[in-house]
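Here the structure comes first, spelled out in structure tokens, and everything after it is commentary.
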RNA sequence: GGGCCCGUAGUUCAGCUGGUUAGAACGGACCGCUCAUAACGGUUAUGUCGCAGGUUCGAAUCCUGCCGGGCCUACCA
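In this note's numbering, the protein residues as written are 16 to 532.
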């Protein structure tokens with residue numbers, strides 16, 4: 016019965032950003048997986064949070080006339096609100112400014128250092144004061160007077176500062192060996208290829224401390240230095256399960272993580288630096304890093320300058336939360352970039368939700384309400400047709416599970432909707448409205464089979480659309496403790512005679528304002 | 001420049017360890033049903049499978065070149 020614990024994480028989001036649809040998308044995918052795993056009998060630890068250190072935050076706080084801690088307290092709240100608005104079921108929300116994280120980050124530093132993988136040197140490069148960034152020699156251009164310029168046109172100067180380095184170059188072979196032995200470590204394949212070729216191209220040691228600003232985690236025993244933000248940030252995944260206390264029950268239970276979900280922009284940090292840091296610290300490596308693609312607004316990348324950034328709260332208020340959750344994971348093949356638009360949103364809501372599954376439930380339950388005195392009818396012997404539909408409902412979990420395990424959410428939903436299609440075809444073929452007059456017993460059996468199919472669908476869509484699923488299951492009088500995947504199948508089938516509430520549509524159609532006029 | 005991925009019906013995609021008449025969904029057209037949120041079901045249409053060569057008895061599926069699109073090519077997160 017007890018299945019393996021399952022630990023999954025979102026990236027921690029940089030507080031300087033306002034939460035947008037991209038953040039919502041990443042966490043949504045994790046939420047669906049977390050809910051799925053819980054219903055499937057796993058003990059789940061689902062982590063999200065905020066990354067609150069770095070020079071930009073320091074500056075933003077200054078500009079706002081606040082001390083950095085007060086500033087981050089405020090802006091990190093935006094991300095907690097997002098979790099609330101989107102009905103995320105995260106078990107923890109970590110902030111890198113928390114005490115527990117300071118301890119963990121310093122501990123991993125010490126572990127890496129104790130193993131001889133950190134050395135003090137100096138970091139030198141072309142620095143643009145205006146851009147606050149270093150540039151590689153190859154990126155520079157020459158101005159009219161021969162002055163070296165950044166790609167942005169800003170002047171650069173040669174800057175050297177003392178820095179601790181991580182001996183990343185030594186980890187090239189171990190990493191390649193690890194990728195080779197763990198072909199599922201990075202998904203999808205195209206990202207894996209990129210990472211492998213990046214590492215195979217050679218690795219340089221990594222500067223992992225800064226002295227140019229203060230808002231960060233001090234390097235142990237040398238507080239002039241602040242830890243490199245990525246070493247700081249990545250360690251949050253350990254912090255949340257109790258590290259450095261390796262006797263912490265959460266640590267032994269949940270580490271190594273089963274899945275780090277990330278956007279494709281931060282694959283390298285998770286698939287190269289992070290495993291290297293962990294190997295250097297002598298810690299076990301996560302099992303999988305999955306990088307999803309971008310949501311494109313009608314084909315254009317969302318950006319502040321284009322002014323086409325989609326905010327999750329706007330989508331939710333226009334279309335409703337559960338439809339948005341469904342849409343985002345069904346419309347775009349997870350792992351690819353994909354378009355979102357009003358037109359495709361409406362099409363999904365009306366075709367898939369209102370017409371297919373919503374109407375299936377409504378037509379079935381209405382017939383039960385009208386023709387069976389509003390109670391679950393007593394079925395007779397099942398025919399081959401009945402068994403065909405029921406077994407498709409019973410069997411679908413296995414397929415969906417393997418698709419979700421590969422983060423192929425769009426495929427999992429497609430698979431579920433095959434059952435919806437089977438059920439609608441079954442209704443037409445059986446024509447219970449005709450049986451009402453010719454063979455009421457047979458009608459009762461047909462309606463029972465439909466109700467039982469809807470029970471399965473209701474249970475299975477809970478991870479995607481928790482509220483809508485609950486309303487569906489309520490209409491079948493399924494007890495709250497009878498809604499896990501262990502209740503799928505014939506052993507927990509509906510009990511004839513159970514009184515049902517009056518049916519009400521669960522998925523309303525979306526009608527455009529203008530079209531409605 | 002180097003590397004990786006992609007280019008298949010109006011649209012989004014599947015198929016791609018080579019093998020019958022190239023598939024699905026949505027959209028379109030037509031038909032059926034009337035239980036239901038005017039929802040459901042059935043039938044049907046359009047594809048030089050980017051282009052040109054090659055390997056093979058046989059290629060959307062393998063190889064080469066070309067065209068087009070995207071991504072990666074390290075220390076801002």
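Positions of the beta carbon are idealized from the N, C-alpha and C atoms, including for glycine.
Values in this document were obtained by computation on a predicted structure and should not be read as measured data.
Heavy atom of the ligand PLP within 6 angstroms of residue i beta-carbon
| i | result |
| --- | --- |
| residue 478 | The ligand PLP is not among the ligands present in this structure, which contains no ligands whatsoever. |
Backbone secondary structure at residue i - three-state DSSP
| i | result |
| --- | --- |
| residue 514 | strand |
| residue 499 | coil |
| residue 181 | strand |
| residue 448 | helix |
| residue 330 | helix |
| residue 190 | helix |
| residue 40 | helix |
| residue 163 | strand |
| residue 390 | strand |
| residue 73 | helix |
| residue 34 | coil |
| residue 51 | helix |
| residue 531 | Confidence at residue 531 is low in this model, with a pLDDT of 40, below 50, so the placement of that residue should be treated as unreliable; the coordinate-derived value is given next. Three-state DSSP puts residue 531 in a helix. |
| residue 349 | strand |
| residue 196 | helix |
| residue 201 | strand |
| residue 441 | helix |
| residue 521 | coil |
| residue 492 | coil |
| residue 174 | strand |
Rounded C-alpha distance that separates residue i from residue j
| i | j | result |
| --- | --- | --- |
| residue 419 | residue 73 | 39 angstroms |
| residue 435 | residue 125 | 55 angstroms |
| residue 208 | residue 526 | 44 angstroms |
| residue 534 | residue 377 | With the chain covering 16 to 532 only, the question about residue 534 has no answer from this structure. |
| residue 20 | residue 272 | 10 angstroms |
| residue 530 | residue 42 | For residue 530, the pLDDT reaches just 43, beneath the cut-off of 50, and the residue's location in the model is therefore unreliable, although a value from the coordinates is still provided. When rounded, the distance between both Cα atoms is 34 angstroms. |
| residue 356 | residue 515 | 38 angstroms |
| residue 465 | residue 53 | 26 angstroms |
| residue 532 | residue 276 | Caution is warranted here: a pLDDT of 34 is assigned to residue 532, below 50, making its placement in the model unreliable, and the coordinate value is therefore given only provisionally. One C-alpha to the other measures close to 44 angstroms. |
| residue 112 | residue 475 | 38 angstroms |
| residue 184 | residue 255 | 29 angstroms |
| residue 279 | residue 348 | 14 angstroms |
| residue 442 | residue 57 | 35 angstroms |
| residue 291 | residue 117 | 20 angstroms |
| residue 171 | residue 268 | 50 angstroms |
| residue 472 | residue 107 | 29 angstroms |
| residue 87 | residue 400 | 60 angstroms |
| residue 205 | residue 350 | 9 angstroms |
| residue 492 | residue 513 | 8 angstroms |
| residue 294 | residue 421 | 25 angstroms |
| residue 309 | residue 142 | 31 angstroms |
| residue 505 | residue 446 | 24 angstroms |
Where the beta strand (DSSP E) through residue i begins and ends
| i | result |
| --- | --- |
| residue 140 | 133-143 |
| residue 26 | 21-29 |
| residue 61 | 59-66 |
| residue 306 | 304-307 |
| residue 353 | 353-355 |
| residue 275 | 274-278 |
| residue 310 | 310-312 |
Residue interval of the alpha helix (DSSP H) (run including residue i)
| i | result |
| --- | --- |
| residue 404 | 399-420 |
| residue 339 | 336-346 |
| residue 290 | 289-296 |
Assumed close pair residue i, residue j - CB separation to whole angstroms, cut-off 8 angstroms
| i | j | result |
| --- | --- | --- |
| residue 226 | residue 175 | That belief does not hold up - the Cβ atoms of residue 226 and residue 175 are roughly 11 angstroms apart, past 8 angstroms. |
| residue 311 | residue 352 | 6 angstroms |
| residue 259 | residue 484 | Contact flag wrong, Cβ pair sits at about 40 angstroms. |
| residue 186 | residue 139 | Contact flag wrong, Cβ pair sits at about 23 angstroms. |
| residue 182 | residue 240 | With a Cβ gap of about 17 angstroms, residue 182 and residue 240 do not count as contacting. |
| residue 197 | residue 27 | Actually they do not touch by this definition, with Cβ atoms about 24 angstroms apart. |
| residue 194 | residue 223 | The pair is not a contact, with the Cβ atoms about 22 angstroms apart (cut-off 8 angstroms). |
| residue 66 | residue 90 | The pair is not a contact, with the Cβ atoms about 11 angstroms apart (cut-off 8 angstroms). |
| residue 487 | residue 469 | 7 angstroms |
| residue 390 | residue 286 | That belief does not hold up - the Cβ atoms of residue 390 and residue 286 are roughly 55 angstroms apart, past 8 angstroms. |
Extract the residue ranges of the beta strand (DSSP E) inside the stretch 203-269, only unbroken runs of 3 or more that lie entirely within it. Within the stretch 203-269, the complete beta strand (DSSP E) segments of 3 residues or longer fall at 237-242, listed in chain order.
Note down, one range per segment and in chain order, each beta strand (DSSP E) of at least 3 residues found wholly within the stretch 77-131. Those beta strand (DSSP E) runs which fall completely within the stretch 77-131 and span 3+ residues are 107-110.
What residue ranges within the stretch 451-482 form continuous alpha helix (DSSP H) runs of no fewer than 4 residues, ordered along the chain? Unbroken alpha helix (DSSP H) stretches of 4 residues or longer found wholly inside the stretch 451-482: 455-475, given in chain order.
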